[in-house]
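Undergrad:
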């Protein structure tokens, strides 16, 4: 992940980002040292369960966790400047202008008492010195761009007069108002019907092609990420546990948590007898995260010392000459060879227990 | 919308008839002092009392009296005559209306501006010293009876009896046309005292409502758009104000009720004072007139509030 991919520019580089929230029960370690890059014209998919820190890390990028009393460390570099140290006023000039964000629930994310057009006009006028009439024209163009029929009339509608899909289109139009270089999409399709979901994803892909912006796509849905992402970062308990190109993550995932995510998606092409394998247990507490590898309490392959040793995010094939994708990083204490044998069994349809038996006893720790 | 307004107005008129009936039952059917006896002076001859009863129509059956009254009010806009002074109730009320209007309008402005302003500041600086002081003060004002606050205000600040002789005291009211400055200074204490309770209620409501809306997703969107914080707050206030508007219609009744006490404490010759005096003298047609006026005002205010609400919230308009 550290090197430029295909020569494209790094738009956003997040380095060792940590976000903590003091609470009455203790400090919540929402984001626990994550590093990633986003390249222009490409899409990074951040995948994880709710509470894995994916939303908090993105809100922090825009400085939106500041007033919640978050303690933040690390660096967020956008065009050479560290957004974390930028004063609020300078950051505000970047928000909605060079970095825009869309959210999960488009109904609650739009102001219910303002017309859609007025909300678009406001987004334009916040960053450009244009007349309201000009901004309104631009708003109509934007609604047209995102495929809202009859935009000249719809611009005066209220959000509740729009369908769910149209509301998300309007949100996207608002995010694109100032042609951002980076769009952060936080579960933009989760609240939508599947058919509408596909339309919104197609729209985002088209707009990315036309406008060349980078996208950070946050989701818990691997199916959506397969459609959208060029690179994928899998987050668990505030950390990135695996990151690679999208193709690589689906073809040769290395982390047991990624396996769990992949095995728990229903597939239309799988035989009906083949049962889904949910990941056992619940996401860990972020106030007192598990010792050692954070995933060990839920990992079917965990060894005794995994509760003590904290794995670092490292090249998946450390020390092996056949590293065909150097950008593939994984934070797992299992030996690379064991991981590959386990995945081969799982990919063939074994349950974790069957895979363990097939692979046989193995020496822990790479 | 027109059909809705017509329906509301018709209901309002029906409600006024019901208010008439309730007041009638309360002051005429339930045992009260006999107005004829009160008017006849000390130890009157029974035939004097009978004569007065005949003149005032008190010897007719209660139902006839009631229907005569309702007919006069709603068909001839005639509120009857005072049992006490023979003056028409309408002219009694209209003479005193300017004082009450000055009192309620001024207090209303203080109530809305003060209540909402303090509520907004408290919500935005939650847990600050200002917030704690404002909410503590609001709690005191909500709990304190207005007449007591009025007496305390006179005791502290009145020019005649006060500890700090700053404002004109009780009985200093003059009409705005005769001496605007005197009018203004004499109204300052009554305005503040009358507005205090309602303003305190609104400050607390506004604070709660704004804190809630400032946590909404669309506020996050407003910030993510890069709007200046002033505008973000405006988004919040715009939503937070809606539930408050509904309560405005209810609270206006409290304010009008307060005028009776405040006008009595500060000796302002208004409708509230008229109502108080007429109750002490069992002057039924005046009681009825003031009650009807207040009821009508509350009904109209509530209709206006409901129409305003439809205007403020587009979602109501369509459902």
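Protein chains in written order, with the numbering used here: chain W, 7 to 372; chain F, 553 to 871. No residue lacks a Cβ here, since even glycine has one placed at the ideal position from N, Cα and C.
1. Taking 6 Å as the cut-off, does the CB of residue 304 of chain W come closer than this to any heavy atom belonging to the ligand ADP?
2. Could you check what DSSP says for residue 6 of chain W in three-state terms: helix, strand or coil?
3. CA-CA distance, residue 34 of chain W and residue 74 of chain W?
4. Residue 357 of chain W by DSSP, collapsed to three states: which one?
5. Distance check for residue 266 of chain W and residue 318 of chain W, CA to CA, integer angstroms please.
6. Rounded to the nearest angstrom, what separates residue 349 of chain W and residue 22 of chain W at their Cα positions?
7. Could you please give the first and the last residue of the uninterrupted alpha helix (DSSP H) stretch that includes residue 79 of chain W?
8. Does residue 328 of chain W have its Cβ less than 7 Å from a Cβ in chain F?
9. Mind the definition here: the region 739-753 of chain F touches the region 651-664 of chain F only if three or more C-beta pairs lie below 8 Å; say whether that holds.
10. Identify the continuous alpha helix (DSSP H) that holds residue 212 of chain W and give its terminal residues.
11. What is the rounded straight-line gap between the Cα of residue 359 of chain W and the Cα of residue 228 of chain W?
12. Just the C-alpha distance for residue 854 of chain F and residue 801 of chain F, rounded to the nearest angstrom, thanks.
13. Answer with buried or exposed for residue 553 of chain F, where buried requires no fewer than 16 other C-beta atoms within 10 angstroms of its C-beta.
14. Which same chain residues end up closer than 8 Å to residue 337 of chain W when comparing Cβ atoms and leaving out the 5 residues on each side of it in sequence?
15. Do residue 57 of chain W and residue 289 of chain W have their CB atoms nearer than 7 Å?
16. Would you list, in sequence order, the uninterrupted alpha helix (DSSP H) runs of no fewer than 4 residues that lie entirely inside the region 590-626 of chain F?
17. Could you check if residue 843 of chain F is buried or exposed, using at least 16 other CB atoms within 10 Å of its CB as the buried criterion?
18. Counting contacts by CB-CB distance shorter than 7 Å, is residue 770 of chain F in contact with chain W?
19. Between F:864, F:834, F:848, F:868, which lies nearest to residue 633 of chain F when the distance is taken from Cα to Cα?
20. Inspect the beta-carbon positions of residue 763 of chain F and residue 675 of chain F and report whether they are closer than 7 Å.
21. At least one CB of chain W closer than 7 Å to the CB of residue 773 of chain F: is that the case?
22. CA-CA distance, residue 98 of chain W and residue 781 of chain F?
23. How would you call residue 557 of chain F, buried or exposed, if buried means at least 16 neighbouring beta carbons within 10 angstroms?
24. Can you tell me whether residue 623 of chain F is buried or exposed? The criterion is at least 16 other CB atoms within 10 Å of its CB, across all chains shown.
25. Which bits of chain F does residue 107 of chain W rub up against, with CB to CB less than 7 Å?
26. Keeping to the same chain, check which residues put their C-beta closer than 8 Å to that of residue 94 of chain W; ignore five residues upstream and five downstream.
27. Tell me which residue opens and which closes the beta strand (DSSP E) that residue 225 of chain W is part of.
28. Checking the sheet assignment: what are the DSSP bridge partners for residue 28 of chain W?
29. If you follow the beta strand (DSSP E) that residue 246 of chain W is part of, which residue opens it and which one closes it?
30. In chain order, what residues of the same chain lie with their CB nearer than 6 Å to the CB of residue 15 of chain W, ignoring the 5 residues before and after it?
31. Which two residues bound the contiguous beta strand (DSSP E) that contains residue 240 of chain W?
32. What does residue 791 of chain F touch in chain W if you count any residue whose Cβ is under 8 Å from its own?
33. Run through chain W and tell me which residues come within less than 8 Å of residue 787 of chain F, C-beta to C-beta.
34. Could you list the residues in the region 854-867 of chain F with a C-beta less than 7 Å from some C-beta on chain W, going in chain order?
35. Just to confirm the assignment, what range does the alpha helix (DSSP H) spanning residue 832 of chain F have?
TA: Looking at the atomic coordinates:
1. This structure lacks the ligand ADP, and indeed carries no ligand of any kind.
2. Shown here, chain W extends from 7 to 372; a query on residue 6 of chain W therefore has no answer.
3. The residue given as residue 34 of chain W occupies position 28 in the first chain. The residue given as residue 74 of chain W occupies position 68 in the first chain. Roughly 12 Å separates the two Cα atoms.
4. One-based indexing of the first chain puts residue 357 of chain W at position 351. Of the three classes helix, strand and coil, the one that applies to residue 357 of chain W here is coil, per DSSP.
5. What you label residue 318 of chain W is simply residue 312 of the first chain in a count that begins at 1. What you label residue 266 of chain W is simply residue 260 of the first chain in a count that begins at 1. Those two C-alpha atoms are separated by around 20 Å.
6. As a position in the first chain, residue 349 of chain W is number 343, starting the count at 1. As a position in the first chain, residue 22 of chain W is number 16, starting the count at 1. Taking the straight line joining both Cα atoms gives about 29 Å.
7. For the purposes of this step, residue 79 of chain W is taken as the residue at position 73 of the first chain. Residue 79 of chain W -> not in any alpha helix (DSSP H); beta strand (DSSP E) instead, spanning 77-84.
8. Counted from its first residue, the first chain places residue 328 of chain W at position 322. Model confidence at residue 328 of chain W stands at a pLDDT of 46, short of 50, so the residue's coordinates are unreliable and nothing is read from them.
9. yes
10. As a first step, residue 212 of chain W must be located in the first chain, where it is residue number 206. It spans 200-217 - the alpha helix (DSSP H) in which residue 212 of chain W sits, taken as one unbroken run.
11. Within the first chain, residue 359 of chain W is the residue found at index 353, counting from 1. Within the first chain, residue 228 of chain W is the residue found at index 222, counting from 1. For residue 359 of chain W and residue 228 of chain W, the distance between alpha carbons rounds to 23 Å.
12. If you number the second chain from 1, residue 854 of chain F lands on position 302. If you number the second chain from 1, residue 801 of chain F lands on position 249. Near 5 Å, if we compare the C-alpha coordinates of residue 801 of chain F and residue 854 of chain F.
13. The residue labelled residue 553 of chain F in the question sits at position 1 within the second chain. With fewer than 16 Cβ atoms within 10 Å of its Cβ, residue 553 of chain F is classed as exposed.
14. Counted from its first residue, the first chain places residue 337 of chain W at position 331. Here the set comprises 245, 246, 247, 248, 261, 299, 317, 318, 319, 320.
15. Position 51 of the first chain, counted from the first residue, corresponds to residue 57 of chain W. Position 283 of the first chain, counted from the first residue, corresponds to residue 289 of chain W. Going by C-beta atoms, residue 57 of chain W is nearer than 7 Å to residue 289 of chain W.
16. 598-608
17. Sequence index remark: in the second chain, residue 843 of chain F carries index 291 (1-based). Label assigned to residue 843 of chain F: buried.
18. Here residue 770 of chain F corresponds to residue number 218 of the second chain, with the count starting at 1. Cβ-Cβ to chain W under 7 Å: yes for residue 770 of chain F.
19. For the purposes of this step, residue 633 of chain F is identified with residue 81 of the second chain, where counting begins at 1. For the residues F:864, F:834, F:848, F:868, the minimum Cα distance to residue 633 of chain F belongs to F:834.
20. In the second chain, the residue the question calls residue 763 of chain F occupies position 211. In the second chain, the residue the question calls residue 675 of chain F occupies position 123. Yes, the pair counts as a contact, with Cβ atoms nearer than the cut-off.
21. Here residue 773 of chain F refers to the residue found at position 221 of the second chain. Yes, residue 773 of chain F counts as interfacial toward chain W.
22. Reading the first chain from its first residue, position 92 is the one you call residue 98 of chain W. Reading the second chain from its first residue, position 229 is the one you call residue 781 of chain F. Residue 98 of chain W and residue 781 of chain F: Cα-Cα distance of roughly 9 Å.
23. Translated into positions along the second chain, residue 557 of chain F becomes position 5. Counting Cβ neighbours within 10 Å, residue 557 of chain F comes out exposed, since fewer than 16 surround it.
24. As a working mapping, residue 623 of chain F is identified with position 71 in the second chain. Exposed, since its Cβ has fewer than 16 Cβ neighbours within 10 Å.
25. Stepping through the first chain from its first residue, residue 107 of chain W is reached at position 101. The answer, in chain order, is 776.
26. Indexing the first chain from 1 puts residue 94 of chain W at position 88. So the qualifying residues of the chain are 69, 72.
27. Walking along the first chain from the start, residue 225 of chain W turns up at place 219. 220-225 is the span of the beta strand (DSSP E), which, as asked, contains residue 225 of chain W.
28. Here residue 28 of chain W is taken as the residue at index 22 of the first chain, counted from 1. Answer is W:33.
29. For the purposes of this step, residue 246 of chain W is taken as the residue at position 240 of the first chain. Unbroken beta strand (DSSP E) run through residue 246 of chain W: 245-251.
30. Numbered from its first residue, the first chain carries residue 15 of chain W at position 9. Excluding positions up to five away in sequence, the list reads 46.
31. In the first chain, residue 240 of chain W corresponds to position 234, counting from 1. Run containing residue 240 of chain W: 237-242, per the beta strand (DSSP E) assignment.
32. Locating residue 791 of chain F in the second chain gives position 239, counting from the first residue. Neighbours of residue 791 of chain F on chain W, chain order: 117, 118, 119.
33. Numbered from its first residue, the second chain carries residue 787 of chain F at position 235. By Cβ distance, chain W contributes 117, 120.
34. 865, 866, 867
35. On the second chain, position 280 is the one that residue 832 of chain F refers to. Unbroken alpha helix (DSSP H) run through residue 832 of chain F: 823-832.
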